[in-house]
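Student: For the sequence shown, the residue numbers in the working numbering are 0 to 314.
Below are the structure tokens for one structure; questions will follow.
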Amino acid sequence: MEFELIERLKSALPHDSQLPLGIGDDCAILAEDARSEQLVTTDMLLDGIHFIYDTDKENAQSLELIARKSIAVSLSDIAAMGGKPQTAFLSLAIPRSWDADQANELFDSFAKAAREFQITLAGGDTTSWNHLLAINVTVVGKVPKSKAIRRSGAQAGDFICVSGPLGGSLSGKHLTFTPRVQQGQWLREHCTIHAMIDISDGLLADLGHILQQSEVGAEIVAEQIPISKQADEISDNKSPLEHALTDGEDFELLWTMSKSEYEKLMQQKEGFIEVHHIGNITKEKGCFLVDQQGHKKRRGDEGYVHQLGEEESLL
Ligand code: ADP
Ligand code: MG
Numbered sequence: 000m001e002f003e004l005i006e007r008l009k010s011a012l013p014h015d016s017q018l019p020l021g022i023g024d025d026c027a028i029l030a031e032d033a034r035s036e037q038l039v040t041t042d043m044l045l046d047g048i049h050f051i052y053d054t055d056k057e058n059a060q061s062l063e064l065i066a067r068k069s070i071a072v073s074l075s076d077i078a079a080m081g082g083k084p085q086t087a088f089l090s091l092a093i094p095r096s097w098d099a100d101q102a103n104e105l106f107d108s109f110a111k112a113a114r115e116f117q118i119t120l121a122g123g124d125t126t127s128w129n130h131l132l133a134i135n136v137t138v139v140g141k142v143p144k145s146k147a148i149r150r151s152g153a154q155a156g157d158f159i160c161v162s163g164p165l166g167g168s169l170s171g172k173h174l175t176f177t178p179r180v181q182q183g184q185w186l187r188e189h190c191t192i193h194a195m196i197d198i199s200d201g202l203l204a205d206l207g208h209i210l211q212q213s214e215v216g217a218e219i220v221a222e223q224i225p226i227s228k229q230a231d232e233i234s235d236n237k238s239p240l241e242h243a244l245t246d247g248e249d250f251e252l253l254w255t256m257s258k259s260e261y262e263k264l265m266q267q268k269e270g271f272i273e274v275h276h277i278g279n280i281t282k283e284k285g286c287f288l289v290d291q292q293g294h295k296k297r298r299g300d301e302g303y304v305h306q307l308g309e310e311e312s313l314l
């Protein structure tokens with residue numbers, strides 16, 4: 000649903016030749032000078048959907064974790080373009096029921112998160128209302144000229160890689176993850192990466208964005224997909240592999256590169272770079288999963304998509 004709405008908006012807008020990259024990637028590229036391009040990304044986080052603060056709920060989370068996550072999700076988008084984050088803008092809708100201590104704690108938490116991630120806060124907006132906490136963070140970053148890694152560059156024969164284990168992030172990682180900013184920049188500096196995205200909607204859904212924008216297909220191999228300990232420990236009607244394929248909010252990087260670049264990467268990578276080769280890009284469209292028995296099955300881009308008109312939440 001949300002992707003159709005975004006496409007609808009995009010097709011209703013005139014092409015802007017002044018805008019290097021508009022709607023459709025992890026960040027927009029707003030401006031460029033002789034040396035660099037400016038990246039901008041924005042994300043909205045809502046109490047009850049992306050976090051739980053409402054103190055009536057037993058699994059409520061601290062404002063410190065909530066503020067940190069709110070910045071980290073945008074940093075993950077900067078990482079996905081191979082960029083360096085610089086500055087953030089912070090807009091808040093604070094519940095009228097809050098007292099001054101709560102508001103102070105929220106602002107202190109944002110200051111702390113900005114220090115942790117070494118970015119400055121350059122502005123924002125503060126308002127209050129009779130609803131739960133809502134947070135919007137916009138992050139500005141930069142990348143050397145013409146070096147931003149887009150979703151659209153995947154080529155047939157490329158190796159598909161992820162930066163860490165997947166699935167089960169709702170057991171905690173979605174609040175505590177470290178955005179792969181260092182890894183994204185390292186990969187951009189040391190390798191030729193054809194396409195990259197961060198996994199926010201789920202492996203299949205986000206791989207689907209790369210495939211669609213690059214006009215290619217993929218074959219991924221179940222046995223090669225790194226499954227997180229958290230996904231292994233969930234006991235519901237989905238297998239750990241299904242969790243790894245479809246759970247949202249992993250915030251690992253997903254990228255494609257030629258086989259020879261992959262081999263070079265494996266020789267020279269530093270300790271903080273984790274690489275899992277999970278399959279290959281194909282000329283034929285469609286995404287196929289090779290299961291443990293060697294059977295090939297077509298998989299859609301199912302993952303976490305915000306639905307309208309349905310009672311649903313991430314948590
Ligand atoms: P991500 O998961 O990387 O944050 P999204 O799936 O949220 O990306 O968005 C995909 C693309 O659509 C991005 O380029 C984003 O800026 C754009 N987009 C999302 N919502 C809107 C909107 N309401 N208006 C304009 N562009 C939007
Ligand atoms: Mg993204």
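Note that CB positions come from ideal geometry on N, CA and C, so glycine has one too.
(1) Taking 8 angstroms as the cut-off, does the segment 92-109 touch the segment 9-26 (at least 3 CB pairs, one atom from each stretch)?
(2) So, helix, strand or coil for T177, using DSSP?
(3) Using 8 angstroms for Cβ pairs, my map puts H275 next to C190. What's the rounded Cβ distance?
(4) In whole angstroms, what separates the C-alpha of M80 from that of E31?
(5) Using CA coordinates, which residue listed in P84, L8, A112, L206 is at the minimum distance from L62?
(6) Within 10 angstroms of its Cβ, does G156 collect 16 or more other Cβ (buried), or is it exposed?
(7) Using only the alpha-carbon positions, how far apart do D25 and H242 sit?
(8) V289: which of E104, A221, L169, M256 sits nearest, CA to CA?
(9) Hey, is G82 close to the ligand ADP, as in C-beta under 6 angstroms from one of its heavy atoms?
(10) Which class does S227 belong to by DSSP, given the choice of helix, strand or coil?
(11) With respect to 6 angstroms, is the separation between the Cβ of S145 and the closest non-hydrogen atom of the ligand MG below this value?
(12) Within the present structure, is the beta-carbon of G23 separated from the nearest heavy atom of the ligand ADP by less than 6 angstroms?
(13) In angstroms with no decimal places, state the Cα-to-Cα distance between I226 and I48.
(14) Helix, strand or coil: which one does DSSP assign to P325?
(15) I believe I320 touches I224 by the beta-carbon criterion, under 8 angstroms. Please report the beta-carbon distance rounded to the nearest angstrom.
(16) Rounded C-beta distance between H193 and T255? I'm assuming under 8 angstroms.
(17) The ligand ADP heavy atoms versus the CB of S10: any closer than 6 angstroms?
(18) Among A66, T175, L186, L45, which has the Cα closest to the Cα of N103?
(19) Return the Cβ separation of V75 and F271 in integer angstroms, given the expectation that the two are a contact with Cβ distance under 8 angstroms.
(20) Helix, strand or coil: how does DSSP classify S127 here?
(21) Quick one: using the 10 Å Cβ neighbour count with 16 as the cut-off for buried, is E36 buried or exposed?
(22) What do you reckon, are the CB atoms on G247 and D200 nearer than 7 angstroms?
Tutor: So, to answer that:
(1) no
(2) coil
(3) That pair is no contact at about 15 angstroms.
(4) 15 angstroms
(5) A112
(6) exposed
(7) 23 angstroms
(8) A221
(9) no
(10) coil
(11) no
(12) yes
(13) 24 angstroms
(14) No information on residue 325 is available, as it lies outside the stretch 0 to 314 that the chain covers here.
(15) Examination of residue 320 is not possible in this model, given that the chain is present from 0 through 314 alone.
(16) 5 angstroms
(17) no
(18) A66
(19) The residue you asked about is not Val; residue 75 is Ser in the sequence shown. The Cβ separation is near 16 angstroms, so there is no contact.
(20) strand
(21) buried
(22) yes
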